[in-house]
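Chains as they are written, first to last, in this note's numbering: chain C, 1288 to 1510; chain P, 1288 to 1510. Glycine residues also receive a C-beta, built at the ideal position from the N, C-alpha and C atoms. Since the structure is predicted, the reported quantities are computational estimates derived from the model, not experimental observations. For reference, the structure is listed below as structure tokens.
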């Protein structure tokens, strides 16, 4: 494979830059015996509902989907979700911790375009990025909400090209989510799967161009 | 709700008419300690891959997806899938047992149109229906493969109208899958959720018109 000429480094948010584990902790705190199961189902349904609503042609914001998924997870677990607990859990999604290498990696990329591209809506992304230590290092925070097309549809990834003024093969896209990597690869981006938990890649007919344990791996593309 | 004037009774196949449990048994037989986990992940990825490929615009047949999902499930479980085991497991999908009430319910519906409408391709559906005891009671076996649009897209459900020559509100659609019920309801069918395992309905902004424990419940619509 010839070395790509990358102009823009584009990052998924949840699981890639930000650790959703702080939500798990809050779940365990509020639902001591059932926190782990609830948080697992919450995340699973959050993804599933974004896929299904896109297929059904019934888009709504990721914030609404996140609330719906939490409601389902609690109902399935047989616990009541009080308004207070709901607010607290949703709030924790706006304060997720980021992975430790994010800031130093972004600093190394100073001469390139750097953007977040997420299924999250701005009512979730803006507070999250603002409370982080690296918001000022990003050129753009892009959301699918602008086109109302969830990843992994081709129309969603198209937004990146329009907003950053680059061609597909000038983008290196990073995600920890195999389905996001499959969608972005299929669309024509160069892709780096940030495989933090040593998972198995999904069988969707495409493979990532690169695979790294954390974001430090992508620095080989600026050497 | 005024009583609908149903002309066509349309059934999802997997989980609704046919019990996927026989696959679980075969998995347990071939992978003694890991069969349950493998069969669970197999089904989960089978559904997920159909959704994701539709979103990515990378349709392939449900048979291919079923093979891909099985391959993933075995890889994740750390077991080798021999060609022999693969063939045996796929073959078991063509010989699933049906739920016990299916035949008697279909007989009661003799004066109505009756059809299967499934994400399965004909290379899976035809052998399955042929080996059952009720194939001759069905007017049509419809597959999304004809339009290359997986459920729950609106375009997939549209096929039912074209093939059966009915209007949306003349269809009662039965499925055990909450996402299928959500898609069909959103499309405009009357829907009956066959909730065999007493699950919680998904939060996708729509509810089934009816909910029954098994297919006998739908007979109230012919009285």
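When the Cβ atoms of the segment 1347-1367 of chain P are set against those of the segment 1481-1500 of chain C, are three or more pairs found closer than 8 Å? Counting Cβ pairs under 8 Å, three or more are found: they touch.
Just to make sure I have the definition right: I need the residues of chain P whose C-beta is within less than 9 Å of the C-beta of residue 1473 of chain C. Which are they? What residue 1473 of chain C touches in chain P: 1343, 1344, 1345.
What's the call for residue 1468 of chain C, buried or exposed, on a 16-neighbour Cβ count within 10 Å? Residue 1468 of chain C is buried by the Cβ-count criterion.
Please identify, using Cβ separations under 7 Å, the residues of the segment 1313-1339 of chain P that lie next to chain C, in order along the chain. Result list: 1336, 1338, 1339.
The beta strand (DSSP E) spanning residue 1472 of chain C covers which residue range? Premise fails: residue 1472 of chain C lies in the alpha helix (DSSP H), 1465-1474, not in any beta strand (DSSP E).
Using CA atoms only, rank isn't needed, just tell me which of C/1502, C/1434, C/1317 is closest to residue 1449 of chain C. Closest by alpha carbon: C/1434.
Between the segment 1473-1489 of chain P and chain C, which residues of the former have a C-beta closer than 9 Å to a C-beta of the latter? For the segment 1473-1489 of chain P, the set of residues with a beta-carbon nearer than 9 Å to any beta-carbon of chain C comprises 1473, 1474, 1486, 1487, 1488, 1489, in chain order.
With a 10 Å radius around its C-beta and 16 neighbouring C-beta atoms as the bar for buried, classify residue 1371 of chain C as buried or exposed. Residue 1371 of chain C is exposed by the Cβ-count criterion.
If contact means a Cβ-Cβ distance below 7 Å, which residues of the segment 1492-1504 of chain P contact chain C? Residues passing the 7 Å Cβ filter: 1492.
The segment 1437-1451 of chain P: positions lying closer than 7 Å to chain C by Cβ: Hits within the stretch, in order: 1439, 1440, 1441.
Separation of residue 1325 of chain C from residue 1357 of chain P, as counted between CA atoms: Between the C-alpha atoms of residue 1357 of chain P and residue 1325 of chain C there is a straight-line separation of about 27 Å.
Assuming the contact rule is C-beta atoms closer than 8 Å, residue 1305 of chain P and residue 1461 of chain P should be a hit. Round their C-beta distance to whole Å, please. With a contact defined as Cβ atoms closer than 8 Å, residue 1305 of chain P and residue 1461 of chain P miss out at about 13 Å.
Cβ contact check for the segment 1318-1332 of chain C and the segment 1401-1421 of chain C: 3 or more pairs under 8 Å: Contact fails: fewer than three Cβ-Cβ distances are below 8 Å.
Could you tell me whether the Cβ of residue 1299 of chain P comes closer than 7 Å to any Cβ of chain C? So no, residue 1299 of chain P is outside the interface.
What's the C-alpha gap between residue 1291 of chain C and residue 1393 of chain C? Roughly 19 Å between the two C-alpha positions.
Every unbroken alpha helix (DSSP H) inside the segment 1318-1346 of chain C [4 residues or more]: Unbroken alpha helix (DSSP H) runs of no fewer than 4 residues, entirely contained in the segment 1318-1346 of chain C, are found at 1322-1343, following chain order.
Using a Cβ-Cβ distance cut-off of 7 Å, determine whether residue 1407 of chain P contacts chain C. Residue 1407 of chain P does not count as touching chain C.
Pull up the distance between the alpha-carbon of residue 1296 of chain C and that of residue 1359 of chain P, whole angstroms please. Each residue's CA atom was taken as its position, placing residue 1296 of chain C and residue 1359 of chain P some 29 Å apart.
Can you list, in chain order, the residues of its chain with a C-beta nearer than 6 Å to that of residue 1353 of chain C? Leave out the 5 residues immediately preceding and following it. Hits under 6 Å: 1333.
Over the uninterrupted alpha helix (DSSP H) stretch that includes residue 1389 of chain P, give me the two end residues. Counting along the chain, the unbroken alpha helix (DSSP H) around residue 1389 of chain P starts and ends at 1389-1395.
For residue 1478 of chain P, I'd like the list of residues in its chain whose CB is within less than 8 Å of its CB, leaving aside the five on either flank, ordered along the chain. Non-local beta-carbon contacts of residue 1478 of chain P in its own chain, meaning distances under 8 Å to residues more than five positions away in sequence, involve 1459, 1460, 1461, 1462, 1468, 1471, 1472, 1495, 1496, 1497 in chain order.
Contacts that residue 1358 of chain C makes with chain P (C-beta to C-beta distance below 9 Å): Those are 1490, listed as they occur along chain P.
Can you say whether residue 1340 of chain C is buried or exposed, counting buried as having 16 or more other CB atoms within 10 angstroms of its CB? Classification for residue 1340 of chain C: buried.
Beta-carbon neighbours of residue 1362 of chain P, restricted to chain C and to distances below 8 Å: Contact annotation for residue 1362 of chain P against chain C: 1487 [CB-CB distance below 8 Å, chain order].
Along chain P, in chain order, which residues have C-beta atoms closer than 9 Å to that of residue 1432 of chain C? Ordered by position in chain P, no residue passes the 9 Å Cβ test against residue 1432 of chain C, which lies about 17 Å from the chain.
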